[in-house]
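Each remark here refers to the structure printed beneath this line.
There are 2 protein chains.
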Amino acid sequence: MVTPLLTDLYQFTMAYAYWKAGKHNERAVFDLYFRRNPFGGEYTVFAGLEECIKLIANFRFTEDEIAFIKASLPSSCEVESIEDCKSRKLNALCWKNVEIHAISEGFVVFPKIPLMRIEGPVAVVQLLETSFVNLINYASLVATNAARHRFVAGKSKLLLEFGLRRAQGPDGGISASKYCYMGGFDATSNVAAGKLFGIPLRGTHSHAFVSSFMSPDEITEKSLQSCDGSNVCEDFISSVQAWLSKLKRSHVLGGIFGETNQSELAAFVSYALAFPKNFLALVDTYDVMRSGVPNFCAVALALNDLGYKAVGIRLDSGDLAYLSCESRRFFQAIDKEFGVLDFGKTSITASNDLNEVTLDALNKQGHEIDAFGIGTHLVTCYGQPALGVVFKLVEINNQPRIKLSEDVSKAGERILCRHPFNESKRAYVVPQRVEELMKCFWPGRSGTYSGVLVAAP
Amino acid sequence: MVTPLLTDLYQFTMAYAYWKAGKHNERAVFDLYFRRNPFGGEYTVFAGLEECIKLIANFRFTEDEIAFIKASLPSSCEVESIEDCKSRKLNALCWKNVEIHAISEGFVVFPKIPLMRIEGPVAVVQLLETSFVNLINYASLVATNAARHRFVAGKSKLLLEFGLRRAQGPDGGISASKYCYMGGFDATSNVAAGKLFGIPLRGTHSHAFVSSFMSPDEITEKSLQSCDGSNVCEDFISSVQAWLSKLKRSHVLGGIFGETNQSELAAFVSYALAFPKNFLALVDTYDVMRSGVPNFCAVALALNDLGYKAVGIRLDSGDLAYLSCESRRFFQAIDKEFGVLDFGKTSITASNDLNEVTLDALNKQGHEIDAFGIGTHLVTCYGQPALGVVFKLVEINNQPRIKLSEDVSKAGERILCRHPFNESKRAYVVPQRVEELMKCFWPGRSGTYSGVLVAAP
Chain A
10 MVTPLLTDLY QFTMAYAYWK AGKHNERAVF DLYFRRNPFG GEYTVFAGLE ECIKLIANFR
70 FTEDEIAFIK ASLPSSCEVE SIEDCKSRKL NALCWKNVEI HAISEGFVVF PKIPLMRIEG
130 PVAVVQLLET SFVNLINYAS LVATNAARHR FVAGKSKLLL EFGLRRAQGP DGGISASKYC
190 YMGGFDATSN VAAGKLFGIP LRGTHSHAFV SSFMSPDEIT EKSLQSCDGS NVCEDFISSV
250 QAWLSKLKRS HVLGGIFGET NQSELAAFVS YALAFPKNFL ALVDTYDVMR SGVPNFCAVA
310 LALNDLGYKA VGIRLDSGDL AYLSCESRRF FQAIDKEFGV LDFGKTSITA SNDLNEVTLD
370 ALNKQGHEID AFGIGTHLVT CYGQPALGVV FKLVEINNQP RIKLSEDVSK AGERILCRHP
430 FNESKRAYVV PQRVEELMKC FWPGRSGTYS GVLVAAP
Chain B
10 MVTPLLTDLY QFTMAYAYWK AGKHNERAVF DLYFRRNPFG GEYTVFAGLE ECIKLIANFR
70 FTEDEIAFIK ASLPSSCEVE SIEDCKSRKL NALCWKNVEI HAISEGFVVF PKIPLMRIEG
130 PVAVVQLLET SFVNLINYAS LVATNAARHR FVAGKSKLLL EFGLRRAQGP DGGISASKYC
190 YMGGFDATSN VAAGKLFGIP LRGTHSHAFV SSFMSPDEIT EKSLQSCDGS NVCEDFISSV
250 QAWLSKLKRS HVLGGIFGET NQSELAAFVS YALAFPKNFL ALVDTYDVMR SGVPNFCAVA
310 LALNDLGYKA VGIRLDSGDL AYLSCESRRF FQAIDKEFGV LDFGKTSITA SNDLNEVTLD
370 ALNKQGHEID AFGIGTHLVT CYGQPALGVV FKLVEINNQP RIKLSEDVSK AGERILCRHP
430 FNESKRAYVV PQRVEELMKC FWPGRSGTYS GVLVAAP
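Shown next as structure tokens:
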């Protein structure tokens, strides 16, 4: 819910004070930037620009909102000209005369460099401060967090954002899904984000699904058509039970498990009957190696007999590195003993309280995980839940309020580059191409702002 | 934006799987609770219930949403009965048969105790899991954080939530304002939250306002009417300048400052002219004791001559304990030397990166701050940005899936109470009154759920 009211009260009191001082139309330039990279890192992914542009493109106060602003300002404010200046005029003028230049969304950016430059009548631009800072702050933070997770996980792994239930509010969850995708994740579990932004959706089932079943006896509809539609297996449960016995009798696998959990088996069979082409099972409700993995394999092998290929397993607790390696060995043994093509490559997803540090630790230990489902630490940015974005006045009426260098680099010229944080690290670089990072995203219009912003609507 | 789509994909895949297994109507009970208090503390404030009830009260899928869910499910799903079961039927049935009991919002709660108990057809209740966990998680976390800040600050201090620009997304900001107020804050700077929830609004001006002025010369409209309307001061600036000279010549104050910053003075005068009844100045743009406080006092004294009472100052950097004590001494000296009633009690607000720990440190050092404006640490719950709320199946078809004690305590009977975390701490208590903590917040309706939840719309 982005409305022009999503701002601090003092943006309105300042606008009124600018107007009272006759300064509201003075041309001001504000820079939006941050002072330090998050997570102790050396880069930030710039995100949230689209939302800022959307805000200004749709910037209008409703009559109701204007009445609320009036009521919120001190009673001494002069509001006698209300009838003269209709809200439509206010709404039309607010954004017309503002220009926004910015670095493109998704670019890697650094501290103290302007990410956005907003120019316009001081009273109008001032109104955008809190909203813009809010929209850039979390978006850039979580996109950066996602990029850092991608960097540690490596390019070949599937990264799934599973953070909705831990995100800071419903919209926090939607922003998280959007900006994690921008930062390099492959998919989300968040259906609303999938619908809004076209992000691929992923999901399987929870522990509740497994524990809601008692035994395979309660499954009444047991038949399953083969993948190509050519035949029907009348009793899929028996086929699964037969595979379970075969696995138990196997030389290689027999010692690993005895009786598996029947409530879990019932849940897996039911899930496979519902989604024979997309069978992915959560295997840690009872015991991963003694029940979950054997039960999964029995169902997967029965599906294989009907031409279906199971997707894989999900591990959500325990020693993920060890369990993934054991599971992989189990799959490979089946591949070898029963000659099931590619069974050894069955996908393993892990998803228990993962973050950059645990991903790194898993890499060091060695693991067989193909996909990571990451929630809490990713979406709340646990390591640092806020980025210090600021919105500073740098110029008013062509008078600088912060000194800026006017040097422009040219291609082919040798230039001295400084490390952004370590003064002693420097290098000469000859740029092959020089690109203007700031582009115009909101051109504004000519003319001056003549309305009274807050007092007079 | 709370829609039934704000959930994980697997809630829908499970609903479909329950239906395929013929289990979708089985009566299930889910408990929502958390396992550990946040911030290393011993209590949590329960919040977010109203949003959960609103979600269920307005639970309906649009045609568009149903089409999206269908498209997101694996293609093997049976959707041939779509025409039979209109979305209206699906929408009507989803919530009818669900009962919700919960502890009242705002109550202090403890780990492992059910906060909400949701009962209904397993496939329907399962659909609520992610949304409910999301809505309770951050709400309870930030309400608890606010309560902890209130506890450290003490009852007499004014607590202002200033977190919007650092909150995790726009809606994160609105939730923060709402639940900080519930947790014991007095006001917010967030205009949208003020409008939505009637929370008192507070705000003054920013550093940009101060630096946007050059000198008092640029102020063209210099007159100010007295508070009672009986006379007009034609040149308020001269009156302020006269006070500044008086302060400079004073025996007690003279040594503290020399020339104050004129751009700051111009900003303060302008702000006072705009809000003579609500003059609150940010005094740390240049130098608090050598410029900000003397400038503020000169303006406040000129206002006082016209019958207005200045509100106070805001400190946003530096050693807040020291600066507040120095400012208080300055105010008291004026009170004494010039006989300005209550000037010594002028309000001091502090607002720089405050949190529980810094509030505690300020208390230990001794300070003269009357109001705290708290942002980043409060709203992002920096110390622990997520609460581990879970949603667990405890019963299905009257079969327990988690063992629960059935003991009910009675008034007048001696009962043994255990400390929730320390097993060795116990005490006998004779309750004078026994109150049922769980109340019914959504009564549901009789009848069974007969539609196909996801597959058939």
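If you read the sequences in order, they're chains A and B. Taking this note's numbering, the leading residue of the first sequence gets 10, the next gets one more, and so forth. Taking this note's numbering, the leading residue of the second sequence gets 10, the next gets one more, and so forth. C-beta atoms are modelled at their ideal positions from N, C-alpha and C, and glycine is treated no differently. From a predicted model like this one, the values you see are computed outputs, not experimental measurements.
- Using a Cβ-Cβ cut-off of 7 Å, Y295 (chain B) does not count as an interface residue toward chain A, since no Cβ of chain A sits closer than that to its own.
- Proximity to T389 (chain A) across A:D362, A:K401, A:V403 and A:N407 peaks at A:D362, based on C-alpha coordinates.
- Counted as a single uninterrupted DSSP element, the beta strand (DSSP E) harbouring M125 (chain A) occupies residues M125 to P130.
- Counting only unbroken stretches of 4 or more residues, the alpha helix (DSSP H) elements lying wholly within the segment 197-236 of chain B are 200-206 and 216-220, in sequence order.
- Per DSSP, the continuous alpha helix (DSSP H) segment holding M191 (chain A) begins and ends at P179 to M191.
- Against chain B, the beta carbon of K286 (chain A) has neighbours under 8 Å at P83, S84 and S85, listed in chain order.
- Rounded to the nearest whole angstrom, the C-alpha separation of F277 (chain A) and G397 (chain B) is 27 Å.
- Interface criterion not met: the Cβ of H33 (chain B) is under 7 Å from no Cβ in chain A.
- Taking the Cα positions, P179 (chain B) is about 33 Å away from L446 (chain B).
- With a threshold of 16 other beta carbon atoms within 10 Å, C306 (chain A) meets it and is buried.
- Per the DSSP secondary-structure output, L315 (chain A) pairs with nothing in a beta bridge.
- If you compare the alpha carbons of B:W28, B:S149, B:V107 and B:S165 with that of F381 (chain B), the shortest gap goes to B:S165.
- Under DSSP, no beta-bridge partner is assigned to F21 (chain A).
- Ranking B:A202, B:Y317, B:T16 and B:A176 by CA distance to the CA of C236 (chain B) puts B:Y317 first.
- The C-alpha of W451 (chain A) lies about 19 Å from the C-alpha of V403 (chain A).
- If you draw a straight line from the Cα of N407 (chain A) to the Cα of A132 (chain A), it comes to about 16 Å.
- Using beta-carbon distances, N143 (chain B) counts as an interface residue toward chain A, with a partner under 7 Å.
- With a minimum length of 3 residues, the unbroken runs of beta strand (DSSP E) contained wholly in the segment 383-409 of chain B fall at 398-405.
- In this structure, S215 (chain A) and L291 (chain A) form a Cβ contact; the two beta carbons are roughly 7 Å apart against a cut-off of 8 Å.
- Across the structure, K187 (chain B) and F206 (chain B) are spaced so that their CA atoms are roughly 7 Å apart.
- DSSP, reduced to helix, strand and coil, places D73 (chain B) within a helical segment of the structure shown.
- F222 (chain A) and S272 (chain A) have their C-alpha atoms spaced approximately 5 Å apart.
- Here the alpha carbon of E243 (chain B) sits roughly 39 Å from the alpha carbon of A202 (chain B).
- What Q271 (chain A) touches in chain B, judged by beta-carbon distance under 8 Å, is nothing: the nearest beta carbon there is about 14 Å away.
- In this structure, the CA atom of L150 (chain B) is about 43 Å from the CA atom of L350 (chain B).
- S360 (chain B) sits close to R323 (chain B), with the two beta carbons spaced by under 7 Å.
- In this structure L169 (chain A) does not touch A152 (chain A) by the C-beta definition: roughly 16 Å separates them, more than the 8 Å allowed.
- Within 8 Å of the CB of D314 (chain A), no CB atom of chain B is found; the nearest one sits about 17 Å away.
- Under a criterion of Cβ atoms nearer than 8 Å, the residues of chain A adjacent to D17 (chain B) are, in order, F171, L173, R174, S198, N199, V200 and G212.
- With respect to S232 (chain B), V219 (chain B) sits apart: the two C-beta atoms are not nearer than 7 Å.
- Its Cα nearest to that of H158 (chain A), the residue A:G392 stands out among A:S248, A:G392, A:V38 and A:S247.
- For T367 (chain B), the enclosing alpha helix (DSSP H) has its first and last residue at E365 to Q374.
- Note on I208 (chain B): 16 or more other CB atoms within 10 angstroms of its CB, so buried under the neighbour-count rule.
- Inter-residue distance for I228 (chain B) and N304 (chain B) is about 16 Å (C-alpha atoms, whole angstroms).
- Leaving aside the five residues that flank R299 (chain A) on each side, the residues in its chain whose CB is nearer than 8 Å to its CB run, in chain order, I265, F266, G267 and T269.
- Rounded to whole angstroms, I424 (chain A) and E128 (chain A) show a C-alpha spacing of 30 Å.
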